[in-house]
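These notes concern the structure reproduced below.
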Amino acid sequence: MAACPYGARRFNWASPGLAADQLNPETHYLGNRPRPMGVVEKCTFCIQRVRSGLYPACVEICPAGARKFGNLLDPKSEIRYVMDHKRVFIFKEELGTHPRFFYFYGT
Amino acid sequence: MGAIRFITGCLRLVLRGGWTYRVWIAFLLLLVVAGVQGYTRQVEHGLIATNMRDQVSWGFYIGNFTFLVGVAAAAVLLVIPAYIYHWEPIKEVVILGELLAVSALVMCLLFVLVDMGRPDRIWAILPFVGSLNLPSSILAWDVVVLNSYLLVNTVVIVHILYKAFRGEPYNKSVVVPLVLLSVPMAVSIHTVTAFVYNGLSARPFWNASILAPRFIASAFCSGPAILLVLFQVLRKTTRFKIRDEAIWKVAELMAYTMFFNLFLLAAELFKEFYSHTEHLVHTEYLYLGLSGHAPLVPYAWAALLCDVAAFLLFLVPTTRRHPFTLNLGCFLIYAGVYIEKGMGLILPGMTPDTLGEIYEYTPTLTEWQVAAGIFGVGFLVFTTVVKVAVPILTGEFSARPAPSGI
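This is the structure we're talking about:
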């Protein structure tokens, strides 16, 4: 929280009170469930925007286009192009948590 | 057999006392009850019961924690001259400094505990069950040094008191190495706590190399300030003898450390204002106010005024030795450092936040209650242990029959 330079981390100060229609029920059991009270909330990749065909807000607003988001299984997607043509790495890969979050070099 | 008599004797001492003692204990218990009530509310509703939010995620609890780490570290100021230079007048009061350190540490650990969103997850850092994530986590280092310091001081106090109770000299081969070890440890607890802030590169107000030295300098003023008042109370109310020279010497040392504290502050203010970078906003928010947001300004100036006034009072030998100006100086130092190393350190670091938003934080009633409760616990620990320690040290409470003439 205190260390994040972008103010991106959000804490569940109270029990999260999301409306039922704000959540996508068509995910696996642990997908997009709000975290309990008293912990830092995880990013949902703006599920409400993605479901209506929009990019997550941080991707849309990034002035440099540094963020890419998409379906890794779609061979024609921008993210697939990045994965295949750029140097891509995973942060702290040695911990073996298999995140679906990749860093890539722009060059 | 001896240990049982020791424990029952201690309990008897704690439970008995004059009416001032009883009123004081009742008052502290009242604070604890208020604290428990506040904390129950916080557990039920979450940290929303506080006024901390995403913008200012460290508040009153962490401010008090930081200040009290300094108080705990300050016992070393008495230990160094007593054990290294064998300065006798201070030696007999060192144990009180260590008692203060233990009580302050209890409060520190409680303040961190109440600031946690999920205190039940503390098992995740316990050895063998969880992982401390050493050496990369600075918070883990803080956990290690604070708990080790608590352990070392507790062992020293219990050993010295138990041996004194039995009328035997304490075991030098145990106590002296531990006491000498506690000197670097006292410095380390405050340094590591400073590094917790210092290491945050996104918070320019704390990201200054001078932060850890400033922590140490201010701690060496505030800790002894409490002790000096206590010495005078004990001298009046018990047979515990504390020589004037000891009090004056501590006050003199405080004058030097306060000068150093003010010098470091001046160095930091010069760098901030002369270079006048974007990072100045936090210092401006503290001392001048930012576009009408100036809740901290009176406090910041009051702290500076207190520090300077106390420095002058302790620098001049006549005011240092006069009981009134001595106690006034202690109060000023306590108030000044409490602001400077409490809310005056935490809030400007978080305001404006990293995106430039200004969220004005003030503690809620719940936070006040919980903080009062924790101070109640700390003072209860301190009062009861002093109540036991003083008769032991004066020989009134002993395994052997009291020598005639007392």
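Line order of the protein sequences matches chains E and W.
Residues in the first sequence are numbered consecutively from -13, following our numbering.
Residues in the second sequence are numbered consecutively from 1431, following our numbering.
Just so it is clear, CB atoms sit at the ideal spot from N, CA and C, and this is done for glycine as well.
Would you mind listing the alpha helix (DSSP H) stretches within the segment 1448 to 1492 of chain W that are 4+ residues and don't spill past its ends, in chain order? 1449 to 1475
Spatial neighbours of W:P1599 in its chain, beta-carbon cut-off 8 Å, leaving aside the 5 residues before and after: Sequence index remark: in the second sequence, residue 1599 of chain W carries index 169 (1-based). Closer than 8 Å at Cβ, skipping near neighbours: K1593.
Determine the closest residue to W:L1692 out of W:D1550, W:I1640, W:E1675, W:G1722, with distance taken between C-alpha atoms. Here residue 1692 of chain W refers to the residue found at position 262 when the second sequence is read from its first residue. Ranking W:D1550, W:I1640, W:E1675, W:G1722 by Cα distance to W:L1692 puts W:I1640 first.
Can a CB atom of chain E be found closer than 9 Å to the CB of W:I1478? On the second sequence, position 48 is the one that residue 1478 of chain W refers to. Yes, its Cβ sits closer than 9 Å to a Cβ of chain E.
Can you give the beta carbon distance from W:Y1789 to W:Q1485, rounded, assuming they're within the 8 Å contact cut? Working through the second sequence from its first residue, we reach residue 1789 of chain W at position 359. Working through the second sequence from its first residue, we reach residue 1485 of chain W at position 55. Confirmed, Cβ separation roughly 4 Å.
Going residue by residue through the segment 1549 to 1623 of chain W, where are the continuous alpha helix (DSSP H) segments of at least 4 residues, counting only ones entirely within it? 1568 to 1595
Is W:L1539 near W:N1577, with beta carbons less than 9 Å apart? Walking along the second sequence from the start, residue 1539 of chain W turns up at place 109. Walking along the second sequence from the start, residue 1577 of chain W turns up at place 147. The answer is yes: Cβ separation under 9 Å.
Neighbourhood of W:A1697 by C-beta distance below 8 Å, restricted to the same chain and skipping five residues each side: For this step, residue 1697 of chain W is matched to residue 267 along the second sequence. Within the same chain, W:A1697 has close Cβ partners I1640.
Local conformation of E:H71 per DSSP, three classes: Taking the first sequence and counting its residues from 1, one reaches residue 71 of chain E at position 85. Note: E:H71 maps to helix in three-state DSSP.
Going by DSSP in three states, W:Y1715 sits in which element: helix, strand or coil? For the purposes of this step, residue 1715 of chain W is taken as the residue at position 285 of the second sequence. Helix, per DSSP.
Bridge partners of E:R(-4), per DSSP? If you number the first sequence from 1, residue -4 of chain E lands on position 10. E:R(-4) is bridged to E:E27.
Residues of chain W with a CB under 9 Å from the CB of E:A(-11): which are they? Within the first sequence, numbered from 1, the residue matching residue -11 of chain E stands at position 3. What E:A(-11) touches in chain W: G1629, L1630, S1631, A1632, R1633.
Going by DSSP in three states, W:L1758 sits in which element: helix, strand or coil? The residue labelled residue 1758 of chain W in the question sits at position 328 within the second sequence. In the structure shown, W:L1758 sits in a helix (DSSP, three-state: H, G or I).
Could you spell out where the alpha helix (DSSP H) holding W:P1654 opens and where it closes? Your numbering for residue 1654 of chain W matches position 224 in the second sequence. Start and end: 1641 to 1667.
Rounded to whole angstroms, what's the CA-CA distance from W:L1695 to W:C1760? Just pull it up for me. Against the second sequence, residue 1695 of chain W aligns to sequence position 265. Against the second sequence, residue 1760 of chain W aligns to sequence position 330. Cα to Cα, W:L1695 sits roughly 20 Å from W:C1760.
Residues sharing a beta bridge with E:Y89, DSSP: Locating residue 89 of chain E in the first sequence gives position 103, where the first residue counts as 1. According to DSSP, E:Y89 bridges with E:F75.
Determine whether the Cβ of W:Q1799 lies closer than 9 Å to any Cβ atom of chain E. Walking along the second sequence from the start, residue 1799 of chain W turns up at place 369. Answer no: the Cβ-Cβ gap between W:Q1799 and chain E never drops below 9 Å.
Of all Cβ atoms in chain E, is any one closer than 9 Å to the Cβ of W:M1546? The sequence position of residue 1546 of chain W within the second sequence is 116, counting from 1. W:M1546 counts as touching chain E.
Quick check on this structure: which residue in W:T1623, W:F1650, W:L1591, W:L1726 has the alpha carbon closest to the alpha carbon of W:F1741? Taking the first residue of the second sequence as 1, we reach residue 1741 of chain W at position 311. Among W:T1623, W:F1650, W:L1591, W:L1726, the Cα nearest to that of W:F1741 is on W:F1650.
Residues of chain E with CB under 9 Å from W:W1488, in chain order? Numbered from its first residue, the second sequence carries residue 1488 of chain W at position 58. Ordered by position in chain E, the residues that pass the 9 Å Cβ test against W:W1488 are M(-13), A(-12).
What is the DSSP secondary structure of W:L1443, counted as helix, strand or coil? To locate residue 1443 of chain W, count along the second sequence from 1; it is residue 13. It is helical.
Range of the contiguous alpha helix (DSSP H) that encloses W:V1811: By 1-based counting over the second sequence, the position of residue 1811 of chain W is 381. First-last of the alpha helix (DSSP H) with W:V1811: 1795 to 1824.
Burial state of W:R1750, where buried means 16 or more other Cβ atoms lie within 10 Å: Locating residue 1750 of chain W in the second sequence gives position 320, counting from the first residue. Looking at its Cβ environment, which holds 16 or more other Cβ atoms inside 10 Å, W:R1750 is buried.
Using a Cβ-Cβ cutoff of less than 7 Å, which residues in the same chain neighbour E:V36 once the five nearest sequence positions on both sides are dropped? In the first sequence, the residue the question calls residue 36 of chain E occupies position 50. Same-chain partners within the cutoff: P42.
Candidates W:A1802, W:L1441, W:C1736, W:G1825: closest to W:A1685 by CA position: Walking along the second sequence from the start, residue 1685 of chain W turns up at place 255. Selected option, being the one with the closest Cα: W:C1736.
How about W:F1495 and W:F1595: are their beta carbons less than 9 Å apart? Your numbering for residue 1495 of chain W matches position 65 in the second sequence. Your numbering for residue 1595 of chain W matches position 165 in the second sequence. No. Outside cutoff.
Any C-beta of chain E within less than 7 Å: which residues of the segment 1557 to 1587 of chain W qualify? none
Within a Cβ cutoff of 8 Å, which residues of the same chain sit near W:I1677, ignoring the five residues on either side of it in sequence? The sequence position of residue 1677 of chain W within the second sequence is 247, counting from 1. Hits under 8 Å: L1658, F1661, Q1662, L1756.
Pull up the DSSP beta-bridge partners for W:L1694, would you. Mapped onto the second sequence, residue 1694 of chain W falls at position 264. Paired residues: none, contrary to the question.
Can you give me, in chain order, the residues of the segment -1 to 11 of chain E that have a beta carbon less than 7 Å from any beta carbon in chain W? W(-1), A0, S1
For W:C1440, count neighbouring Cβ atoms within 10 angstroms of its own Cβ and tell me buried if that reaches 16, exposed if not. Translated into positions along the second sequence, residue 1440 of chain W becomes position 10. By the neighbour-count rule (16 or more Cβ atoms within 10 Å), W:C1440 is buried.
Collapsed DSSP secondary structure at W:L1699 in the structure displayed: Residue numbering aside, residue 1699 of chain W sits at position 269 when the second sequence is read from its first letter. Helix, per DSSP.
Inside the segment 1737 to 1787 of chain W only - alpha helix (DSSP H) runs reaching at least 4 residues: 1747 to 1751, 1753 to 1770, 1773 to 1780
What residues from chain E crowd round W:L1393, counting only those whose CB sits closer than 8 Å? Nothing can be reported for residue 1393 of chain W: it is not among the residues displayed for chain W, which extend from 1431 to 1836.
On the DSSP bridge assignment, give the partners of W:H1723 in chain order. Locating residue 1723 of chain W in the second sequence gives position 293, where the first residue counts as 1. Beta-bridge pairing links W:H1723 to W:L1720.
Mind listing the chain E neighbours of W:D1484? Cutoff is C-beta to C-beta under 9 Å, in chain order. To locate residue 1484 of chain W, count along the second sequence from 1; it is residue 54. Neighbours of W:D1484 on chain E, chain order: M(-13), G(-7), R(-5), R(-4), F(-3), W(-1).
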